[in-house]
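The opening position of the sequence shown corresponds to residue 1004 in this note's numbering, with each subsequent residue numbered one higher.
We put the CB at the ideal spot given by N, CA and C, even for glycine.
Okay, so here's the structure we're looking at.
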Amino acid sequence: MTLSYLTPDFDSYPCDHEITAVEASSSVLNLTWSDGRKSRYHACWLADNDAGSVETNPLTREREIDFDDLPENIAIQQASVAADGRLEIQWNVDWPGSIYLPGWLRAHDYSNTPVSDDGLRAATTWTAEDMPEPPTSDGTSILEDDEALAIWLENLAQYGLARLSNVATTDGQVAEVVRRIGPIRPTNFGFTYDVKTKENPDSNAYTDMALNSHTDLATREYQPGLQFLHCLKNSTTGGAGTMVDGFQVAGDIRSENPEVFKILSTWDWVFTNRAVDTDYRWTTPLFVLDENGELSELRMTSFLRGPLAIPFDKVEAAYEAYRYLILKIKQPKYRLLFDYKPGDLVAYDNRRILHGREAFSSGTGERWLQGCYSERDELRSRLRILARGRRAAANKRSTGNTGQ
Ligand SMILES: [Fe+2]
1004 MTLSYLTPDF DSYPCDHEIT AVEASSSVLN LTWSDGRKSR YHACWLADND
1054 AGSVETNPLT REREIDFDDL PENIAIQQAS VAADGRLEIQ WNVDWPGSIY
1104 LPGWLRAHDY SNTPVSDDGL RAATTWTAED MPEPPTSDGT SILEDDEALA
1154 IWLENLAQYG LARLSNVATT DGQVAEVVRR IGPIRPTNFG FTYDVKTKEN
1204 PDSNAYTDMA LNSHTDLATR EYQPGLQFLH CLKNSTTGGA GTMVDGFQVA
1254 GDIRSENPEV FKILSTWDWV FTNRAVDTDY RWTTPLFVLD ENGELSELRM
1304 TSFLRGPLAI PFDKVEAAYE AYRYLILKIK QPKYRLLFDY KPGDLVAYDN
1354 RRILHGREAF SSGTGERWLQ GCYSERDELR SRLRILARGR RAAANKRSTG
1404 NTGQ
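What follows is the structure in structure tokens.
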């Protein structure tokens, strides 16, 4: 049996544990590991996840067959550990045998623990009392150094907010920084956009007025996952940036007032953004939950709220819940304030963090922020690739090969 590669992806799977015992029935494989862990895998799962070239394209590492192409009654005939530690399986039907790396089997051990989304940190919610300053990294090092990039991005994934300092104050530099993560999401405001006072503004952002805590573009079916604001110039007075962790606020409301939480997470509001040649609108609860009932995002572009359109009997309760939320968001304990200095670049999860600013005096100087959007997907992909690079290096040190 020969295989040109051993994993159905481009990752490496260094493993500190050996398989010490193998038992198999026709339908279930039982493994015992050198640290005592016991793992179980179904025959159908193993057959479905074979990395052999019959099933997986060796160049793309994508599946080449569908599940119904496998023999319907495929079952384990024999399972054993080869001299090099890999697991070998022979099937009861006319189908090529399979080989599995121990590290890959451990990483996908669904019988013990849910498989973790490697490279990501779980969200840590915060108040301004917990975190009075955004976590800050050096903006020059992240352009060249993957470890520095990983630290910045891990903070962004964990806290939903991470700042860079010393970013070159040149037009378009925000796009260069974001390209270290992934593609930019263009909008009707452009590929990047300038946040500065304009004579005929098409957004409140382009005035010097205060902006209440909000997410951007709740008017879209899919709200941008990431936002970046880079300060190129700021000699004005006032205009402190504000950041509120919406997951913290919503979590507190959930425990303090479940009835309000239920209204905010199930009753629809309308967001609209109408201009001369565009007309965006979306209808959505303010708290969006995932299939497990956990917070997935907040939608809160308050200055783009359209007329409420829900059943007559619900209107007053909807406004009451909305007022409760607004008052909560405005509590100082949630509001992290910071000054924009030239060279600062703040990155935040636009579907979690509510951003805003205090009013500034446009007559006192010049203020120029440049922004753009990207997606949570791009952040997660980059973090996984950075983690993959670390695993490949570790594997190479321990085995002398890439382990792929
Ligand atoms: Fe905004």
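Assigned secondary structure, residue i (DSSP; H/G/I helix, E/B strand, else coil)
{"i": "Cys1047", "result": "helix"}
{"i": "Asn1398", "result": "helix"}
{"i": "Pro1017", "result": "coil"}
{"i": "Tyr1343", "result": "coil"}
{"i": "Tyr1225", "result": "coil"}
{"i": "Ala1027", "result": "strand"}
{"i": "Trp1371", "result": "strand"}
{"i": "Gln1334", "result": "coil"}
{"i": "Arg1066", "result": "strand"}
{"i": "Ala1126", "result": "coil"}
{"i": "Asn1207", "result": "helix"}
{"i": "Gly1359", "result": "strand"}
{"i": "Ser1365", "result": "helix"}
{"i": "Tyr1351", "result": "strand"}
{"i": "Ala1165", "result": "strand"}
{"i": "Val1170", "result": "coil"}
{"i": "Ala1082", "result": "strand"}
{"i": "Tyr1376", "result": "strand"}
{"i": "Gly1106", "result": "helix"}
{"i": "Arg1326", "result": "helix"}
{"i": "Gly1175", "result": "coil"}
Residue i CB to nearest heavy atom of ligand 1 below 7 Å
{"i": "Ala1208", "result": "yes"}
{"i": "His1358", "result": "yes"}
{"i": "Asp1219", "result": "yes"}
Neighbourhood of residue i by C-beta, 8 Å cutoff - its chain only, sequence neighbours within 5 removed
{"i": "Asp1149", "result": "Leu1389, Gly1392"}
{"i": "Lys1344", "result": "Ser1168, Cys1234, Asn1237"}
{"i": "Phe1194", "result": "Ala1178, Ile1187, Cys1375"}
{"i": "Gln1251", "result": "Thr1128, Trp1129, Thr1130, Tyr1337"}
Within 8 Å, strictly: CB atoms of residue i and residue j
{"i": "Ser1377", "j": "Arg1188", "result": "yes"}
{"i": "Ala1046", "j": "Ala1085", "result": "no"}
{"i": "Ala1050", "j": "Thr1035", "result": "no"}
{"i": "Val1177", "j": "Gln1373", "result": "yes"}
{"i": "Gly1163", "j": "Asp1248", "result": "yes"}
{"i": "Gly1228", "j": "Asp1352", "result": "yes"}
{"i": "Thr1218", "j": "Thr1275", "result": "no"}
{"i": "Ala1321", "j": "Ile1266", "result": "yes"}
{"i": "Gly1175", "j": "Phe1363", "result": "no"}
{"i": "Gly1088", "j": "Glu1021", "result": "yes"}
{"i": "Lys1317", "j": "Ala1131", "result": "no"}
{"i": "Trp1098", "j": "Pro1061", "result": "no"}
{"i": "Glu1136", "j": "Phe1315", "result": "no"}
{"i": "Val1273", "j": "Pro1310", "result": "yes"}
Contact set for residue i: own chain, Cβ-Cβ below 6 Å, skip 5 residues either direction
{"i": "Asp1012", "result": "Arg1064"}
{"i": "Leu1159", "result": "Ala1165, Ala1350"}
{"i": "Glu1381", "result": "Ile1184, Gly1185"}
{"i": "Ser1268", "result": "Pro1288, Phe1290, Leu1292"}
{"i": "Leu1232", "result": "Val1349, Leu1372, Gly1374"}
{"i": "Ala1253", "result": "Phe1290, Leu1298"}
Beta-carbon proximity list for residue i, same chain, < 7 Å, skipping 5 on both sides
{"i": "Thr1010", "result": "Tyr1016, Ala1054, Leu1104, Trp1107, Gln1407"}
{"i": "Thr1143", "result": "Asn1169"}
{"i": "Ile1145", "result": "Ala1151, Leu1152, Trp1155, Leu1167, Arg1183"}
{"i": "Glu1058", "result": "Arg1066, Glu1067, Ile1068"}
Closer than 7 Å: residue i CB and nearest ligand 2 heavy atom
{"i": "Lys1336", "result": "Here the bound small molecules are ligand 1; ligand 2 is not part of this structure."}
Practice task
Please specify which runs of the alpha helix (DSSP H), each continuous and at least 4 residues long, are wholly inside the region 1244–1308, giving them in chain order.
Solution key: 1249–1259, 1261–1269
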